[in-house]
Amino acid sequence: MIQPATQHDLCGLMPHASQYRAVVLEQRELADHTYAIRIGSPELARLIQPGQFFMIRPERGTDPLLGRPFALYDTILNDQGEPIAFEFAYHVIGKLTGLMSHWEPGTAVEIWGPLGNGFPLFRGQHLLCVGGGIGYTPFLAVAREALRLRQYGQSAKRYDALSSSVPSVSLCYGVQSKKFRADLSDFEPLTDLSISIATDDGSEGRPGFVTALVEEKLAATTNRPDAVYCCGPEPMMHAVARLCRAANVDCWLSLESPMACGFGACFSCVTKVRDAESPEGWDYRRTCVEGPIFRADQLVIE
Numbered sequence: 053m054i055q056p057a058t059q060h061d062l063c064g065l066m067p068h069a070s071q072y073r074a075v076v077l078e079q080r081e082l083a084d085h086t087y088a089i090r091i092g093s094p095e096l097a098r099l100i101q102p103g104q105f106f107m108i109r110p111e112r113g114t115d116p117l118l119g120r121p122f123a124l125y126d127t128i129l130n131d132q133g134e135p136i137a138f139e140f141a142y143h144v145i146g147k148l149t150g151l152m153s154h155w156e157p158g159t160a161v162e163i164w165g166p167l168g169n170g171f172p173l174f175r176g177q178h179l180l181c182v183g184g185g186i187g188y189t190p191f192l193a194v195a196r197e198a199l200r201l202r203q204y205g206q207s208a209k210r211y212d213a214l215s216s217s218v219p220s221v222s223l224c225y226g227v228q229s230k231k232f233r234a235d236l237s238d239f240e241p242l243t244d245l246s247i248s249i250a251t252d253d254g255s256e257g258r259p260g261f262v263t264a265l266v267e268e269k270l271a272a273t274t275n276r277p278d279a280v281y282c283c284g285p286e287p288m289m290h291a292v293a294r295l296c297r298a299a300n301v302d303c304w305l306s307l308e309s310p311m312a313c314g315f316g317a318c319f320s321c322v323t324k325v326r327d328a329e330s331p332e333g334w335d336y337r338r339t340c341v342e343g344p345i346f347r348a349d350q351l352v353i354e
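Taking our numbering, the leading residue of the sequence shown gets 53, the next gets one more, and so forth.
Here is the structure:
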């Protein structure tokens with residue numbers, strides 16, 4: 053079994069999070085300049101839940117000095133069904149992701165997590181997931197859990213409160229063009245998951261923004277979504293939130309605020325949240341601690 057060399061608690065700031073030394077097991081391309089990395093860390097793989105994230109940085113060197121946040125893509129199980137590793141996806145856009153694209157098997161990294169709150173375990177009949185760009189990646193684990201195909205973290209306890217009926221899950225996935233559309237073969241075994249694609253340039257699927265697909269789903273007279281989980285560019289998430297509010301459908305957004313520490317010490321990732329007790333009617337909350345998943349009606353969306 054893969055074991056990290058070291059593990060350190062994060063000073064009680066995040067009670068279930070620890071810092072680990074781990075190694076890269078493999079890396080594969082998902083789309084143009086988009087990759088999935090597999091990290092050997094049984095401890096983190098056992099704890100992390102869909103929608104939660106972790107921070108990662110190279111084990112050696114100081115450039116970049118700070119880690120970067122990435123959300124869970126999926127966990128990897130051994131022959132006994134035990135989590136032994138996890139995967140995350142990233143798009144090459146900066147210094148660290150540029151370095152990451154050259155990480156090879158055996159590369160040592162520092163990770164700390166799991167961090168944040170994760171998506172709630174779905175309890176309805178039809179869950180609609182909406183992903184824009186790299187924002188589609190949390191929904192493989194979300195769909196597996198909603199369809200009762202995989203248990204993550206503490207979900208074994210959470211499952212006890214669910215009915216025996218299995219819901220349906222839909223994914224609306226929007227990208228700029230077919231060139232950037234990710235390989236979705238990991239989703240194919242999920243037979244109760246339906247996928248609709250929109251491209252800005254019309255090169256695949258529905259021409260235009262993914263929000264048009266969302267609007268159709270919310271207006272359906274049969275199998276209308278009970279809830280919407282959304283991750284992607286901020287303007288897209290705000291548009292989805294407004295559509296859900298108009299349709300009176302619960303919506304949760306996964307915010308991607310820039311983070312420095314990941315466990316609430318630096319206050320660099322705050323977002324505006326409604327607060328009736330504040331004179332302004334809102335207050336700041338740390339995305340890394342109180343989020344990154346927020347109910348859309350909690351947020352001040354401008």
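For each residue, glycine too, the CB sits at the ideal point set by N, CA and C. Since the model is a prediction, treat every value here as computed from it, not as a measurement.
Checklist line | Beta-carbon contacts of A234 that lie in its chain and below 7 Å, excluding the five residues immediately before and after | finding: Counting from 1 along the sequence shown, the entry for residue 234 is found at position 182. Excluding residues within five positions, the ones whose Cβ falls inside 7 Å are L82, A83, T86 and Y188.
Next item on the list: Identify whether P121 lies in helix, strand or coil by the three-state DSSP scheme.
Entry: Here the question's residue 121 lines up with position 69 in the sequence shown. Judged by DSSP in its simplified three-state form, P121 adopts strand.
Next item on the list: Work out the CA separation of L148 and D61 for me, nearest whole Å.
Entry: Along the sequence shown, read from residue 1 onward, the residue named residue 61 stands at position 9. Along the sequence shown, read from residue 1 onward, the residue named residue 148 stands at position 96. Because the pLDDT at D61 is just 46, under 50, the model does not fix this residue reliably, and the point stays unresolved.
Next item on the list: In angstroms with no decimal places, state the Cα-to-Cα distance between I249 and C224.
Entry: Walking along the sequence shown from the start, residue 249 turns up at place 197. Walking along the sequence shown from the start, residue 224 turns up at place 172. Using only the alpha carbons, I get a separation of about 6 Å.
Checklist line | Beta-carbon spacing of L167, F106 below 8 Å | finding: Locating residue 167 in the sequence shown gives position 115, counting from the first residue. Locating residue 106 in the sequence shown gives position 54, counting from the first residue. Yes, Cβ-Cβ distance for L167 and F106 is below 8 Å.
Notebook entry, point to check: Per DSSP, what kind of secondary structure is D335 in: helix, strand or coil?
Noted result: Position 283 of the sequence shown, counted from the start, is the residue given in the question as residue 335. In this structure, D335 counts as strand in the three-state DSSP scheme.
Next item on the list: Within its chain, find whatever has a CB closer than 8 Å to the CB of F138; leave out the 5 residues flanking it on each side and keep chain order.
Entry: Locating residue 138 in the sequence shown gives position 86, where the first residue counts as 1. Around F138: R90, I91, S93, L96, A97, I100, L124, Y125, D126, T127 and I128.
Next item on the list: Return the bridge partner residues of C181 from the DSSP annotation.
Entry: Residue mapping note: residue 181 aligns to position 129 of the sequence shown, counting from 1. For C181, DSSP records a beta bridge to L223 and Y281.
Notebook entry, point to check: Whose C-beta lies closer than 7 Å to the C-beta of A198 among residues of the same chain, with five residues either side of it excluded?
Noted result: Numbered from 1 along the sequence shown, position 146 holds the residue referred to as residue 198. Counting only Cβ-Cβ distances below 7 Å, and skipping sequence neighbours, we find F174, L179, P219 and V221.
Margin query: Any contact between the segment 152-170 and the segment 254-264? By contact I mean 3 or more CB pairs, one from each, below 8 Å.
Written below: Put simply, the segment 152-170 does not touch the segment 254-264. Fewer than three CB pairs are less than 8 Å apart.
Item checked: Exposed unless 16 or more other CB atoms sit within 10 angstroms - verdict on T263 -> For the purposes of this step, residue 263 is taken as residue 211 along the sequence shown, with counting starting at 1. A residue is called buried when at least 16 other Cβ atoms come within 10 angstroms of its Cβ; T263 meets this threshold and is buried.
Item checked: Start-end ranges of the beta strand (DSSP E) lying completely within the segment 246-300, minimum 3 residues -> Entirely contained in the segment 246-300, the beta strand (DSSP E) runs reaching 3 residues are, in chain order, 279-283.
Next item on the list: Report the three-state DSSP secondary structure of D349 (helix, strand or coil).
Entry: The residue labelled residue 349 in the question sits at position 297 within the sequence shown. Correct three-state label for D349: helix.
Next item on the list: Put E95 into one of helix, strand or coil per three-state DSSP.
Entry: To locate residue 95, count along the sequence shown from 1; it is residue 43. Looking at E95 - three-state DSSP - the assignment turns out to be helix.
Checklist line | Cut-off 8 Å between Cβ atoms - residues of its own chain near G185, not counting five sequence neighbours on either side | finding: For the purposes of this step, residue 185 is taken as residue 133 along the sequence shown, with counting starting at 1. Closer than 8 Å at the Cβ level, and outside the excluded window around G185, lie H143, G226, V227, Q228, F232, G284 and P285.
Note to self: For the beta strand (DSSP E) containing A83, name the first residue and the last one.
What the structure shows: Here the question's residue 83 lines up with position 31 in the sequence shown. For A83, the uninterrupted beta strand (DSSP E) segment begins and ends at S70 to A83.
Next item on the list: On a CA-only basis, which of A291, T274, A141 and T273 is nearest Y281? Give me that one, please.
Entry: Numbered from its first residue, the sequence shown carries residue 281 at position 229. Nearest in C-alpha terms to Y281, of all of A291, T274, A141 and T273, is A291.
Checklist line | Start-to-end residues for the beta strand (DSSP E) that takes in M107 | finding: Along the sequence shown, read from residue 1 onward, the residue named residue 107 stands at position 55. First-last of the beta strand (DSSP E) with M107: F105 to P110.
Checklist line | Buried/exposed call for P298, threshold 16 Cβ in 10 Å | finding: In the sequence shown, counting from the first residue as 1, residue 298 sits at position 246. The residue you asked about is not Pro; residue 298 is Ala in the sequence shown. Exposed, by the Cβ-count rule.
Item checked: Q104, buried or exposed, once every other Cβ within 10 Å from all chains shown has been counted against 16 -> As a first step, residue 104 must be located in the sequence shown, where it is residue number 52. The residue is buried, with at least 16 neighbouring Cβ atoms inside 10 Å.
Check: Anyone know if the C-beta pair for S309 and T323 falls short of 8 Å?
Finding: Taking the first residue of the sequence shown as 1, we reach residue 309 at position 257. Taking the first residue of the sequence shown as 1, we reach residue 323 at position 271. Yes; because the gap between Cβ atoms is below 8 Å, this pair is in contact.
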